[in-house]
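Numbering (this note's numbering), first residue to last: 48 to 479.
Cβ coordinates follow ideal geometry from the N, Cα and C atoms, glycine included.
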Amino acid sequence: MIELDLHEEQMPAPRDVIRGSRWVATAVTLCLLLGLAGSVAIVRHLSRTAVLQVPAGASMTLSDRRLYVITGGDAPTLAAYTLTGQRLWQTASRFREGAYLQEAGDTLLINVNRSGTAQTIGVDALTGDERWSLGAQVQPLADGRTGLITTTSFTGTAVENAPEFLDSNGNRFFPAPDSTTLSAVDLAGGDTLWTQEFGGSARQAARPGTTEVVVADQAGVRVLDGRTGGVLRSVALTGGFAIEGFSVSDELIIAQQSGRRGGQTYAYRPDTLAEAWHVRMPGNMVVTGCADVPCATEVSELRMLDPATGAVSYEVNAGSVYRQGGRTLLVPYSGVEDLSIAPAPGGTPEALPGWTLVPASPAVADRTAAPVLLTRAGDGRVWLAALSGSGGPRELGSLAPAVLDCQSTVGMIACRTAVGEIRIWQLEGVRP
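Take a look at the structure:
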């Protein structure tokens with residue numbers, strides 16, 4: 048049961064300067080019952096904290112602590128703001144578009160990939176000063192101090208009976224890489240901490256919420272210390288076959304060996320690397336990660352897997368999977384409506400006709416607690432909504448008129464509007 052007490056006020060006229068929080072745009076009282084029996088109601092209050100005037104075409108990235116804005120035009124800029132609208136710094140930007148921003152502690156990572164050439168610039172998030180630049184894509188770990196770089200080496204020479212290589216999108220390559228190199232860098236200065244080389248099509252992923260790095264190659268699965276590269280835990284794989292599919296979540300590490308040479312799939316517990324299950328995947332199914340839910344792809348279909356057994360729970364024609372608001376949401380391909388909610392293993396997805404998800408900010412580490420933002424066909428608004436056990440979303444209030452896009456973290460929401468504004472709201476707990 049969800050109770051709503053919503054009071055809307057007239058939006059003030061735009062101004063030419065950045066405004067802090069001088070009035071409350073919307074007051075929303077949310078009584079959210081946690082999904083478990085015996086849970087306690089949580090009351091939330093939504094208030095607007097700032098309105099920023101930005102040029103047309105500006106893009107934004109919201110984190111838990113700051114808002115970053117890139118402007119285009121002949122003199123592009125990158126700026127950082129507090130979540131109450133105070134500008135911390137502004138600097139000239141060498142990138143008008145195609146830059147992906149990600150905050151890691153007090154370092155802002157600017158990742159750019161153009162024509163297959165990757166580059167990452169490390170910027171001081173407090174001052175805007177550039178600290179370092181590397182010719183590779185850097186993936187930050189949860190400590191905000193360490194980044195990972197992965198490179199592969201191909202000779203281009205096919206070896207008879209060699210297994211094929213499948214990347215994380217299921218694309219097939221012949222032959223497999225000769226080697227994969229994994230390096231860790233210190234995000235404060237860009238210095239290399241350690242480098243290791245693995246045979247063939249090694250896969251790597253950060254273990255969520257930790258500084259551990261999981262690596263799977265034809266020899267086995269290893270869990271490394273992200274700062275030192277030391278092996279914390281390991282388990283051997285038999286056969287020496289290439290790794291096709293790979294997935295790392297809070298509950299499972301899944302490594303799938305080449306389908307041409309057996310197609311065995313093994314699942315392990317991250318804390319111990321004890322085997323949870325192993326199965327032979329049918330057909331051309333390739334294991335991949337779907338938020339916290341194990342899944343596999345086959346052509347355009349997703350096969351959602353039972354985390355307890357590895358068996359296929361159900362199939363869905365969806366483009367992506369999000370974990371948001373405590374529920375697993377199945378998001379269709381672009382241009383297709385009808386968002387749906389994933390069921391428990393063995394169930395049937397619950398269709399939400401006419402609703403489309405507004406994804407959470409990529410900077411959010413724990414999407415399960417983030418507010419759910421949805422758009423509904425025909426009304427052109429973005430809604431803060433609650434996902435009940437059944438019966439579709441419950442609208443808890445409209446954020447802003449004429450918004451172009453929105454991003455959310457656990458406690459903040461930012462939307463860009465059609466009138467050259469970015470509006471920021473805070474979602475915080477209050478006493479009932």
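Cut-off 7 Å between Cβ atoms - residues of its own chain near residue i, not counting five sequence neighbours on either side
i       : result
Arg-374 : Ile-388 and Leu-434
Trp-402 : Leu-386, Leu-421, Arg-423 and Pro-440
Asp-353 : Ser-360 and Pro-392
Gly-398 : Inspection of the sequence shows that residue 398 is occupied by Ala rather than by Gly. Asp-385 and Ser-387.
Pro-390 : Pro-396 and Glu-397
Ser-367 : Val-378
Burial state of residue i (16 or more Cβ within 10 Å)
i       : result
Trp-70  : Its pLDDT being 28, under 50, Trp-70 is placed unreliably by the model, and the measurement read from it follows with that caveat. Exposed, by the Cβ-count rule.
Ser-248 : buried
Val-305 : Sequence check: residue 305 is Ser here, not Val. With 16 or more Cβ atoms within 10 Å of its Cβ, Ser-305 is classed as buried.
Val-466 : exposed
Leu-109 : buried
Ser-455 : buried
Leu-451 : exposed
Glu-322 : exposed
Ser-296 : buried
Ser-294 : buried
Arg-161 : exposed
Gly-273 : buried
Thr-138 : exposed
Val-11  : Here the chain has residues from 48 to 479 only, and residue 11 is not among them.
Thr-464 : buried
Ala-97  : buried
Ala-343 : buried
Thr-285 : exposed
Thr-239 : exposed
Gly-444 : buried
Sequence-distant residues of the same chain with beta carbon closer than 6 Å to residue i, five excluded per side
i       : result
Asn-216 : With a pLDDT of 45 at Asn-216, under the threshold of 50, the predicted position of this residue should be treated as unreliable, and no value is reported.
Tyr-42  : The question about residue 42 has no answer, for the chain in this structure spans 48 to 479.
Gly-372 : Val-419 and Leu-434
Cys-462 : Leu-446, Ala-447, Val-450, Cys-453 and Arg-470
Thr-118 : Pro-102, Ala-105 and Thr-124
Selected residue, minimal CA-CA separation from residue i, among the options
i       : options                               : result
Gln-265 : Gln-303, Gly-237, Leu-271 and Leu-229 : Gln-303
Tyr-380 : Thr-395, Ala-358, Val-359 and Leu-349 : Leu-349
Leu-195 : Thr-464, Val-262, Tyr-147 and Gly-132 : Val-262
Val-346 : Met-332, Cys-337 and Ala-338          : Met-332
Leu-125 : Thr-131, Gly-132, Asp-111 and Arg-141 : Arg-141
Gly-276 : Ser-200, Asp-233, Ala-122 and Thr-199 : Asp-233
Ala-432 : Thr-239, Asp-426 and Glu-442          : Glu-442
Gly-256 : Leu-240, Ser-367, Pro-187 and Tyr-147 : Pro-187
Tyr-147 : Ala-122, Ser-106, Ala-172 and Leu-130 : Ser-106
Arg-29  : Thr-199, Ala-172, Asp-426 and Pro-102 : This structure does not reach residue 29, given that the chain is present from 48 up to 479, and the question cannot be answered.
Val-270 : Thr-464, Thr-285 and Arg-254          : Arg-254
Ala-172 : Ala-122, Val-116 and Thr-197          : Val-116
8 Å Cβ cutoff met for residue i and residue j
i       : j       : result
Thr-228 : Thr-242 : yes
Thr-335 : Tyr-361 : no
Val-159 : Gly-145 : yes
Leu-446 : Ile-460 : yes
Val-185 : Arg-178 : no
Tyr-369 : Val-378 : yes
Ala-484 : Gly-191 : The chain is shown from 48 up to 479; residue 484 falls before or after that span and cannot be answered.
Gln-149 : Leu-156 : yes
Phe-245 : Ser-226 : yes
Ala-235 : Thr-154 : yes
Gly-120 : Leu-99  : no
Val-260 : Val-282 : no
Val-405 : Cys-453 : yes
Asp-14  : Val-457 : Summary: the structure shown does not reach residue 14, with the chain confined to residues 48 through 479, and so no result is reported for it.
Gly-175 : Trp-136 : yes
Close Cβ partners of residue i (< 8 Å) along its chain, the five nearest in sequence each way excluded
i       : result
Thr-319 : Arg-280
Gly-237 : Gly-169, Arg-178, Trp-179, Ser-180 and Leu-181
Thr-312 : Gly-292, Ile-301, Ala-302, Gln-303, Gln-304, His-325, Val-326, Arg-327, Met-328, Val-334 and Gly-357
Leu-299 : Ala-314, Tyr-315, Arg-316, Pro-317, Ala-323, Pro-341 and Pro-354
Ala-449 : Gly-427, Thr-464, Ala-465 and Val-466
Ile-290 : Gly-247, Ser-248, Ala-249, Arg-250, Ala-263, Asp-264, Gln-265, Ala-302, Gln-303, Gln-304 and Ser-305
Thr-193 : Pro-187, Ala-231, Val-232, Asp-233, Leu-234, Leu-240, Thr-258, Gly-273 and Arg-274
Ala-189 : Ala-253, Pro-255, Gly-256, Thr-257, Thr-258 and Ala-412
Cβ-heavy atom distance, residue i to the ligand ZN, below 7 Å
i       : result
Val-334 : With respect to small molecules bound, the structure shown includes none, and the ligand ZN cannot be examined in it.
Discussion item. My parser needs the beta strand (DSSP E) runs of 3 or more residues fully inside the stretch 286 to 368; what are they?
Written reply: 290 to 295, 300 to 304, 311 to 315, 322 to 327, 333 to 337, 340 to 345, 348 to 352 and 359 to 363
Worksheet item: Hey, which unbroken runs of the beta strand (DSSP E) at 3 residues or more fall wholly within the stretch 156 to 192?
Response: 164 to 171 and 177 to 181, all fully within the stretch 156 to 192.
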